[in-house]
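See structure below.
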Amino acid sequence: MKKKVYSRLDEVVADVPDGARIMFGGFGGAGFPNNLIQALVRKGVKNITAISNNCGTHDGELGLMFKNNQIKHVIASFPGPHASHFQERFAAKEVTLELVPQGILCERMRAAGAGLQGFYTTVGVGTEVADGKEERVLEGKRCILEMPIRADYAFIKAQKADALGNLTYRLAARNFNPIMAMAARTTIAEVEELVPVGSIEPEHVVTPAIFVHRIVQAKGLHYAG
Amino acid sequence: MKKKVYSRLDEVVADVPDGARIMFGGFGGAGFPNNLIQALVRKGVKNITAISNNCGTHDGELGLMFKNNQIKHVIASFPGPHASHFQERFAAKEVTLELVPQGILCERMRAAGAGLQGFYTTVGVGTEVADGKEERVLEGKRCILEMPIRADYAFIKAQKADALGNLTYRLAARNFNPIMAMAARTTIAEVEELVPVGSIEPEHVVTPAIFVHRIVQAKGLHYAG
Amino acid sequence: MPAETVREKALLEKPRLTREQIAGRAALELPDGAYVNLGWGIPNLIANYLPGEITVYFHSENGILGMGRRAKPGEEDYDLVDAMKIPVTLIPGASFFHQADAHLMTRGGHLDVAVLGGFQVSEKGDLANWKIPGAKGSGGIGGAMDISAGAKKLIVCMEHVTKDGAPKIVKKCTYPLTGLECVDTVITDLAVVDVSPEGLVLREVAPGWRPQDVQKLTGAPLMTKGRVPEIRLP
Amino acid sequence: MPAETVREKALLEKPRLTREQIAGRAALELPDGAYVNLGWGIPNLIANYLPGEITVYFHSENGILGMGRRAKPGEEDYDLVDAMKIPVTLIPGASFFHQADAHLMTRGGHLDVAVLGGFQVSEKGDLANWKIPGAKGSGGIGGAMDISAGAKKLIVCMEHVTKDGAPKIVKKCTYPLTGLECVDTVITDLAVVDVSPEGLVLREVAPGWRPQDVQKLTGAPLMTKGRVPEIRLP
Chain A
581 MKKKVYSRLD EVVADVPDGA RIMFGGFGGA GFPNNLIQAL VRKGVKNITA
631 ISNNCGTHDG ELGLMFKNNQ IKHVIASFPG PHASHFQERF AAKEVTLELV
681 PQGILCERMR AAGAGLQGFY TTVGVGTEVA DGKEERVLEG KRCILEMPIR
731 ADYAFIKAQK ADALGNLTYR LAARNFNPIM AMAARTTIAE VEELVPVGSI
781 EPEHVVTPAI FVHRIVQAKG LHYAG
Chain B
581 MKKKVYSRLD EVVADVPDGA RIMFGGFGGA GFPNNLIQAL VRKGVKNITA
631 ISNNCGTHDG ELGLMFKNNQ IKHVIASFPG PHASHFQERF AAKEVTLELV
681 PQGILCERMR AAGAGLQGFY TTVGVGTEVA DGKEERVLEG KRCILEMPIR
731 ADYAFIKAQK ADALGNLTYR LAARNFNPIM AMAARTTIAE VEELVPVGSI
781 EPEHVVTPAI FVHRIVQAKG LHYAG
Chain C
65 MPAETVREKA LLEKPRLTRE QIAGRAALEL PDGAYVNLGW GIPNLIANYL
115 PGEITVYFHS ENGILGMGRR AKPGEEDYDL VDAMKIPVTL IPGASFFHQA
165 DAHLMTRGGH LDVAVLGGFQ VSEKGDLANW KIPGAKGSGG IGGAMDISAG
215 AKKLIVCMEH VTKDGAPKIV KKCTYPLTGL ECVDTVITDL AVVDVSPEGL
265 VLREVAPGWR PQDVQKLTGA PLMTKGRVPE IRLP
Chain D
65 MPAETVREKA LLEKPRLTRE QIAGRAALEL PDGAYVNLGW GIPNLIANYL
115 PGEITVYFHS ENGILGMGRR AKPGEEDYDL VDAMKIPVTL IPGASFFHQA
165 DAHLMTRGGH LDVAVLGGFQ VSEKGDLANW KIPGAKGSGG IGGAMDISAG
215 AKKLIVCMEH VTKDGAPKIV KKCTYPLTGL ECVDTVITDL AVVDVSPEGL
265 VLREVAPGWR PQDVQKLTGA PLMTKGRVPE IRLP
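Structure, rendered in structure tokens:
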């Protein structure tokens, strides 16, 4: 059977092509797949579409990829004032940005994972977010149509994994990771700990193995920011 | 502060009015709020709209309420050949039925809980399920518009609860319960065990307290079927 | 009585595969490491026929991944049942999740293979499997519509003809539909048939059956690609 | 210079509430047992001013229910941060969940109260709080649009006027909108104002301020219902 556990970070990202659409987990410094991001930096892939709540903090998290000019388009909710490399590229029009409300960003990814073709929401009605989107009234409420956000890869961070791909997350480092794991064609999880199959209680599994395609252990290293 | 824990089953359902829309958790004999259902039978509420994957097994689960002629309309995915009281009432046109694919039933409830106004799906396209529903093509796929299913109450079954309303479920008795808890205006949980606040690990909570409005312990009693 | 009908009646008396053999053949379609959902009826027998050298992870739409064998007498736990309400066991590395996630897996294209029972399959791969026209009672859909809409590969296991000898593989389904253009492969007591953009392809035939005889009991044209081998059995 | 402007300039020099006092007043709006989300800015100070006899459960849109106080030095865990990236603690009975559930809570009407900062609030309760026209950089929305669309009660805490003395409570927002008709109550350094179907209602005024003076610094008509009391402070 094809093994999901990889021993090297560079191996686990080896097939990521230029132009790939990649979801990156993490929020507020917690749950970022920083080791995978740095492997992408070493690999030097270009023209990436990044789907991520924010755009890094200086040289941290996605910051390195913007510094290295690897990302051409971003779908994000809050790029962030400290995302200095992104902000520079954005000001220079080297990166384009689709701003999406945070919950809708997540819900659009979930729709992709759940095999739904779009949904109506009141969020964003009458705002810039509604520009170019279909608007209609349902059950007496103005709503806009939001479409699924799909990706080739999800790069996520978990605490524990077993060899089958069952994952758990630590505290608030859970955030976007379980949803992105459901939404991408190939989900790659950077984990702190590999544990024996069967040692995660079936009732405590947060991301079931079916959503996880590759696992690499990368304890300790955080970001170079 | 208003307490969520009730000591008596009859008290916890005392305000349920005739004509209420109620979601009932459970699947395949596991995770049914049988004690709450029997409290509704004792109370004798009428003209209930029941939202439930199935319609009981003879006198078990929702069977008693059909026997007692308390339900006038059902939204279900698989009423079931052993739902004898339902099938009799249905044949006699005393109960109406909306049949919904199982995953879509759950997704429509989730949409209600998630503040979404409807979603598009390929499920059911070209089938009886699509009758009367809007159809359109999105991203090259034929899909139909499915609307949220809302309810006044969710009657659910959990394994453990703390006094704040955090819940866990046992094995496959989880099924519809966590989604219904999110979808109804008032969620009432029948639980096997009340545990001290703080004794459920924050990472292991399945239904966070915000979704649970009333709790009653009802260990042991299963159904009278 | 026209000669053709007599001949088909004779065909109907020839030995066909048993339900267990259909399940055994279907088991060979499951790749190592696959995530698989098995529906009611013949599909539910498939787990008994898995080749020993492969591991398959069974999904149950009530919220289990990694279902094991059925529970033995005395071992039953009625909080651990499959979608047919039958007590089961778990394999190491199993997980539980709620119904929305269970069907996110079916609809969202996460299952590698789903195997469902069928009343009719059309030459375009339409499936009818939830309601017999005129049957008593409410009927029920269950998870079949979500599963058929989303599985990466959908196999239907069924008898090739009804009890009355009418083909169940047809040009156009006359029974209420479960899903459009969703079936990839049909495995029956007479044949393995693939649905392709060009039409139905007869891949294998039951022992002792000739392609032209299978065609006679089939309501839509079957193409062949070279010699059609006998059905493989485990 | 017209007399009216001189008078308003004088008004602007009168003492107003501090940011802490605005937060203190807002804390009184939180009912016992409420599930509450606090946004960036003044709202984030509110947790410090809760009356001792009530319990409130704080939701953080990164996936926490039951957030406690901020972590003390040495106590920080960077996997346990709030939506502002600040290390926090938990109260007993807290829970973690993923982002989709976190915003299911905001959009789905599960939060009893949300308190957000604001740049402008219109007389219909429209909110603008995410982007200053002409500001540099990409801007960012974060959770504000989901929260404003879904909270059972939405309170906005902000200064009553800009640094230049321009009203922030206006007939129609000129800044990019966050949400339409979503604000229930505005708490400023000068007043507590409710949004009602008939228009804005001045509920309380800052100590030493008269309703007519607050009106002069407000861009939309304020109704009063009888005598307007002084702002309550904890």
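Protein chains in written order, with our numbering: chain A, 581 to 805; chain B, 581 to 805; chain C, 65 to 298; chain D, 65 to 298.
Glycine included, each C-beta is placed from N, C-alpha and C at the ideal position.
The alpha helix (DSSP H) that contains residue i, what's its start and end?
{"i": "D35 (chain D)", "result": "There is no way to answer for residue 35 (chain D), as the model of chain D reaches only from 65 to 298."}
{"i": "R669 (chain B)", "result": "S664 to A671"}
{"i": "L144 (chain D)", "result": "Premise fails: L144 (chain D) is in no alpha helix (DSSP H) and is neither H nor E."}
{"i": "L109 (chain D)", "result": "From DSSP, L109 (chain D) is part of no alpha helix (DSSP H); its letter is neither H nor E."}
{"i": "I684 (chain A)", "result": "Q682 to G693"}
{"i": "N757 (chain B)", "result": "N757 to A763"}
Could you say which of the options lies nearest to residue i if we only look at CA atoms?
{"i": "S159 (chain D)", "options": "A:T637, A:N755, A:I617 and A:S632", "result": "A:N755"}
{"i": "N757 (chain B)", "options": "B:F604, B:G745, B:H793 and B:E783", "result": "B:F604"}
{"i": "G606 (chain A)", "options": "A:E783, A:K740, A:A734 and A:K582", "result": "A:A734"}
{"i": "I736 (chain A)", "options": "D:G201, D:H162, D:R291 and D:G116", "result": "D:H162"}
{"i": "G157 (chain D)", "options": "D:V247, D:M148, D:G130 and D:A147", "result": "D:G130"}
{"i": "G88 (chain C)", "options": "C:A255, C:E140 and C:D141", "result": "C:A255"}
{"i": "E770 (chain B)", "options": "B:K583, B:R716, B:Q797 and B:G693", "result": "B:Q797"}
{"i": "D210 (chain C)", "options": "B:V717, B:V680 and B:A753", "result": "B:V680"}
{"i": "I704 (chain A)", "options": "A:Q697, A:G698 and A:K713", "result": "It is worth fixing the name first, because residue 704 (chain A) is Gly in this sequence and not Ile. The candidate whose alpha carbon is nearest that of G704 (chain A) is A:K713."}
{"i": "L114 (chain D)", "options": "D:A166, D:C246 and D:R133", "result": "D:R133"}
{"i": "A763 (chain B)", "options": "B:P728, B:P613 and B:E773", "result": "B:P728"}
{"i": "A166 (chain D)", "options": "D:G127, D:I219 and D:A270", "result": "D:G127"}
{"i": "V777 (chain B)", "options": "D:I155, D:K195, D:V145 and D:Q85", "result": "D:I155"}
{"i": "R601 (chain A)", "options": "A:A752, A:P659, A:R765 and A:S779", "result": "A:R765"}
{"i": "E609 (chain B)", "options": "C:A98, C:A147 and C:G116", "result": "This sequence places Gly at residue 609 (chain B); Glu is not what is there. For G609 (chain B), the nearest C-alpha among the options comes from C:A147."}
{"i": "A181 (chain C)", "options": "C:A270, C:K73, C:P293 and C:T249", "result": "Looking at the sequence shown, residue 181 (chain C) is not Ala but Gly. If we check each option's Cα against that of G181 (chain C), C:T249 comes out closest."}
{"i": "A284 (chain D)", "options": "D:S124, D:K235 and D:G243", "result": "D:K235"}
Chain B partners of residue i, CB-CB under 8 Å?
{"i": "P156 (chain D)", "result": "V777 and G778"}
Going along chain A in order, which residues have a C-beta closer than 8 Å to the C-beta of residue i?
{"i": "Q697 (chain B)", "result": "F699, Y700, T701, T702, L718, E719, K721 and C723"}
{"i": "F160 (chain C)", "result": "P782, E783 and V785"}
Which residues in the same chain have their Cβ closer than 8 Å to the Cβ of residue i, if we skip the five residues on either side of it in sequence?
{"i": "G173 (chain C)", "result": "G214, A215 and K216"}
{"i": "M623 (chain B)", "result": "Inspection of the sequence shows that residue 623 (chain B) is occupied by Lys rather than by Met. D590, V593, A594 and V596."}
{"i": "R296 (chain D)", "result": "R89, L92 and E268"}
{"i": "I817 (chain B)", "result": "Outside the displayed range of chain B (581 to 805) lies residue 817 (chain B), so it cannot be described from this structure."}
{"i": "D141 (chain C)", "result": "A135 and P151"}
{"i": "V785 (chain A)", "result": "N746, L747 and T748"}
{"i": "M65 (chain D)", "result": "Note on M65 (chain D): pLDDT 45, under 50, position unreliable in the model; the coordinate value appears next. So no residue of the chain qualifies."}
Quick one: what's got a C-beta closer than 6 Å to residue i's C-beta in the same chain, skipping five residues either side?
{"i": "E678 (chain B)", "result": "I655"}
{"i": "N108 (chain D)", "result": "L102"}
{"i": "T767 (chain A)", "result": "A734, A761, F791, V792 and H793"}
Considering only DSSP beta bridges, list what residue i is partnered with.
{"i": "Q797 (chain A)", "result": "A:V771"}
{"i": "Q184 (chain D)", "result": "D:A192"}
{"i": "F160 (chain C)", "result": "C:I128"}
{"i": "F735 (chain A)", "result": "A:F604 and A:I768"}
{"i": "I631 (chain A)", "result": "A:M603 and A:I655"}
{"i": "E726 (chain A)", "result": "A:F699"}
{"i": "M287 (chain C)", "result": "C:V265"}
{"i": "V585 (chain B)", "result": "B:I795"}
Near residue i, which residues of its chain fall below 7 Å by C-beta distance, leaving aside the five closest residues on each side in sequence?
{"i": "L75 (chain D)", "result": "D277, K280 and L281"}
{"i": "A789 (chain B)", "result": "L744, G745 and N746"}
{"i": "E245 (chain D)", "result": "K188, G189 and D190"}
{"i": "P298 (chain C)", "result": "G88, A91, L92, Y113 and P115"}
The beta strand (DSSP E) spanning residue i covers which residue range?
{"i": "V596 (chain B)", "result": "No beta strand (DSSP E) contains V596 (chain B), which DSSP labels as neither H nor E."}
{"i": "V250 (chain C)", "result": "T249 to I251"}
{"i": "V786 (chain A)", "result": "Where V786 (chain A) is concerned, there is no enclosing beta strand (DSSP E), given that its DSSP letter is neither H nor E."}
List, in chain order, every chain D residue whose beta-carbon is nearer than 8 Å to that of residue i.
{"i": "A672 (chain B)", "result": "Ordered by position in chain D, no residue passes the 8 Å Cβ test against A672 (chain B), which lies about 38 Å from the chain."}
Please compile the residues from chain B whose C-beta is within a distance smaller than 7 Å of the C-beta of residue i.
{"i": "V145 (chain C)", "result": "G608, G609, A610 and A752"}
Taking C-beta pairs closer than 7 Å, name the residues in chain A that residue i reaches, listed in chain order.
{"i": "M169 (chain C)", "result": "I790"}
{"i": "Y99 (chain C)", "result": "I790"}
Could you tell me which chain D residues have their CB closer than 7 Å to the CB of residue i, listed as they occur along the chain?
{"i": "L744 (chain B)", "result": "G157"}
If the cut is a Cβ gap below 9 Å, which residues of chain C does residue i touch?
{"i": "T748 (chain B)", "result": "Per Cβ cutoff of 9 Å: no residues; T748 (chain B) is ~11 Å from chain C at best."}
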